[in-house]
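**Student:** The following block contains the structure, expressed as structure tokens.
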Amino acid sequence: MRKKISSKAKKIIAVLLAIVVAIAAVIGGVNIYFSYLGKQEQHGTAAGDPAWSADQAFDISKLQSLDMGSEDYKVLVITDIHLKNHGTFAAELGVNYVLDWAGKIALNKLVKDTAPDLILVLGDTTLCDRNDIEYERFVKQMDSYQTPWACVFGNHDDEGRADKAKLVDILNTSEYGMFQYGPENLHGAGNYVIRLTRDGKTEQMLFMMDSGSSLEFEAKTDGINEQQVAWYNWNMEGVKAAEGDYPQNMAFFHIPLPLYSELEDGFIMGERAEGTAASNTDGGLFEAMKTHNGTQMFAAHDHNNDFTAEVDGIKVSYALKSSYNCYFKFGMTGGTLLTISPDNQVKQELIYF
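Take the sequence shown: its position 15, counted from the start at 1, is 1139 in this note's numbering, and no numbers get skipped.
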């Protein structure tokens, strides 16, 4: 004989069902709202500099420059923040918001502990329909450090309602940001140079380069192309003509070059914990850097790799993933700290959080 459910139990069940229905309604409503927002395309007004050619006269005074002073100069490299990582609050029940919050706390501590003079961000800052909103938040966070900072785009940054021109508009609002669109006829947006000097002489040239978007990655038209490499050569030859020799220089981009796929062991530091999702081409960048006193290149993109290998005198490095959103390996998140001594020696450290 079945026992009858008491009226009290029925009331409890009814209340629980009502709560579930209410939560489902809120989740559905928020998802619909976020879906609506994500379809509101945002087109920017930013445009590149006039088309570049190797025939142009080089003017070293037009390069962005930072004086390193007489003490150690510290450059913190971070990457793959992945704000929201495709998730709305409703879709992930707040998980992505919590991960962003935890990552922001960790990044704030990293910046405070390392006290960098310059911060470089190597792309995939966000992966979200509302990428413009996340970029606005990120710019405010970076400016709160009151430290010069620069970035390149990753393959996912423009996979939202805002195109790259809109994201550049947002980056241009930064008080401390050094992002430049660069020549309009170079691949992507964000090909520019930061010149580090001491006593007015160039000590380091930091080349920030766009390695392409996800659509280009799938079509195998991504990577660093020959035109970007010609622009690199032009800059290096220009500085040599102005100062008498090639200064040390480094390249920073998001998608790793094909060379990264060939490196399996013998690392100077770090480790390989996943395969390399390499770009289609390096456009001859590695060979050009060997010719022009290049010392190091940094990529990102593969979150579970943080190794550095030395190939023909050039350090080939991954930057350390700097958040808890999107996939990661415990013990492999943080930032890469480059300390440039007064005699221009570069010390590299993996700073984990």
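C-beta atoms are modelled at their ideal positions from N, C-alpha and C, and glycine is treated no differently.
If I measure Cβ to Cβ from residue 1349 and keep anything under 8 Å in the same chain, skipping five residues before and after, which residues do I get?
**Tutor:** These residues qualify, in order along the chain: 1311, 1405, 1407.
**Student:** Locate the alpha helix (DSSP H) running through residue 1261, then write down its first and last residues.
**Tutor:** Note, residue 1261: alpha helix (DSSP H), 1255 to 1268.
**Student:** I need the DSSP call for residue 1375, collapsed to helix, strand or coil.
**Tutor:** Here residue 1375 sits in strand by DSSP.
**Student:** So, residue 1424 versus residue 1204, is the Cβ gap smaller than 8 Å?
**Tutor:** Yes, the pair counts as a contact, with Cβ atoms nearer than the cut-off.
**Student:** If residue 1089 sits next to residue 1290, beta carbons under 8 Å apart, how far is it from one beta carbon to the other, in whole angstroms?
**Tutor:** For residue 1089 there is no data in the structure shown, the boundaries of the chain being 1125 and 1477.
**Student:** Give a yes or no on whether the C-beta atoms belonging to residue 1163 and residue 1322 are separated by under 8 Å.
**Tutor:** In this structure, residue 1322 does not lie closer than 8 Å to residue 1163 by Cβ.
**Student:** Please name the residue or residues paired with residue 1145 in a DSSP beta bridge.
**Tutor:** None; residue 1145 has no bridge partner.
**Student:** Could you tell me the distance, in whole angstroms, from the CA atom of residue 1376 to the CA atom of residue 1315?
**Tutor:** Going from the Cα of residue 1376 to the Cα of residue 1315 covers about 10 Å.
**Student:** Check the C-beta distance from residue 1457 over to residue 1446 and give it rounded, since I have them as a contact under 8 Å.
**Tutor:** Confirmed, Cβ separation roughly 7 Å.
**Student:** Between the segment 1292 to 1301 and the segment 1259 to 1269, are three or more C-beta pairs nearer than 8 Å?
**Tutor:** Cβ pair count under 8 Å is three or more, so yes.
**Student:** Taking the DSSP output, what are the residues bridged to residue 1275?
**Tutor:** Answer is 1245, bridged to residue 1275.
**Student:** Whose C-alpha, out of 1282, 1419, 1174, 1176, is nearest the C-alpha of residue 1255?
**Tutor:** If we check each option's Cα against that of residue 1255, 1282 comes out closest.
**Student:** Taking 8 Å as the limit between beta carbons, can you name the residues of its chain near residue 1327, skipping five residues before and five after?
**Tutor:** Counting only Cβ-Cβ distances below 8 Å, and skipping sequence neighbours, we find 1192, 1320, 1321, 1371, 1372, 1464, 1468.
**Student:** Would you kindly work out how many angstroms separate the C-alpha atoms of residue 1415 and residue 1250, rounded to a whole number?
**Tutor:** Using only the alpha carbons, I get a separation of about 35 Å.
**Student:** Between 1435, 1172, 1345, which lies nearest to residue 1386 when the distance is taken from Cα to Cα?
**Tutor:** Among 1435, 1172, 1345, the Cα nearest to that of residue 1386 is on 1435.
**Student:** Since I believe residue 1443 is in contact with residue 1410 (beta carbons under 8 Å), could you give me their beta-carbon distance rounded to a whole number of angstroms?
**Tutor:** Not quite, the Cβ-Cβ distance comes to about 17 Å (not below 8 Å), so this is no contact.
**Student:** On the DSSP letters alone, give me the boundaries of the alpha helix (DSSP H) that residue 1289 sits inside.
**Tutor:** Note, residue 1289: alpha helix (DSSP H), 1288 to 1295.
**Student:** How many whole angstroms separate the CB atoms of residue 1110 and residue 1178, which I take to be in contact at a CB cut-off of 8 Å?
**Tutor:** Absent from the model: residue 1110. The displayed extent of the chain is 1125 to 1477, so no value can be given.
**Student:** Give the straight-line distance between the Cα atoms of residue 1273 and residue 1189, rounded to the nearest whole angstrom.
**Tutor:** Going by the C-alpha atoms only, they are around 12 Å apart.
**Student:** Could you pull the start and end residues of the beta strand (DSSP E) that residue 1439 belongs to?
**Tutor:** It spans 1438 to 1442 - the beta strand (DSSP E) in which residue 1439 sits, taken as one unbroken run.
**Student:** My parser needs the alpha helix (DSSP H) runs of 4 or more residues fully inside the segment 1323 to 1348; what are they?
**Tutor:** Taking only runs of at least 4 residues, the alpha helix (DSSP H) segments lying wholly in the segment 1323 to 1348 are 1338 to 1343.
**Student:** What does the Cβ neighbour count give for residue 1292, buried or exposed, with the cut at 16 atoms within 10 Å?
**Tutor:** Counting Cβ neighbours within 10 Å, residue 1292 comes out buried, since at least 16 surround it.
**Student:** Rounded to a whole number of angstroms, what is the C-alpha to C-alpha distance between residue 1174 and residue 1366?
**Tutor:** Each residue's Cα considered, the two are about 23 Å apart.
**Student:** Specify the secondary structure class of residue 1207 as computed by DSSP and reduced to three states.
**Tutor:** Strand, per DSSP.
**Student:** Measuring straight from C-alpha to C-alpha, what distance separates residue 1067 and residue 1230?
**Tutor:** Because residue 1067 is not part of the residues shown, which for the chain are 1125 to 1477, the question remains open.
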